[in-house]
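As structure tokens, the structure follows; a few thoughts come after it.
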Amino acid sequence: LMSIEHPLYKSKSAYYDILEVSPTATHVQIKTAYYKQSFMYHPDKNAGSEEAAFRFSQISEAYSVLGNKALRRKYDRGILSQCGSVVFLVVCVHFCML
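Be aware that the sequence shown starts at 49, since it is given in this note's numbering, and climbs by one per residue.
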């Protein structure tokens, strides 16, 4: 798991690892992996589990980037910035809901 010092969006493979897909995965494969992972770790299915809630937030963050063609290209090139992406919004929404 990544720490605050090493945010996920700065890693070349973290989002792919989280969704358990290859960097060459198609959009359909990424979407399928997202649904599978989010179903397993959804907070409603894992009430009270901080680990599941954290994992679900990572899955949501990964899909918010990899599911968006423009953001995925930036991520793959290593030029995705926190402020210029939905990553910042996903993280803020998750922590504001805690």
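Quick reminder that beta carbons are idealized off the backbone N, C-alpha and C, glycines included. Source: prediction; values computed, not measured.
Residue range of the alpha helix (DSSP H) that includes residue i
i	result
L119	K117 to R125
T80	H75 to Y89
8 angstroms contact criterion, which residue i and residue j should meet: CB distance rounded
i	j	result
F104	S86	6 angstroms
Residue i in three-state terms, based on DSSP
i	result
A110	helix
L67	helix
S105	helix
A100	helix
A95	coil
H142	Since pLDDT at H142 reaches only 47, below the 50 mark, its modelled position is unreliable, and no value is offered.
Contact check, residue i vs residue j, beta carbons under 8 angstroms
i	j	result
P71	Y64	yes
Q106	I78	no
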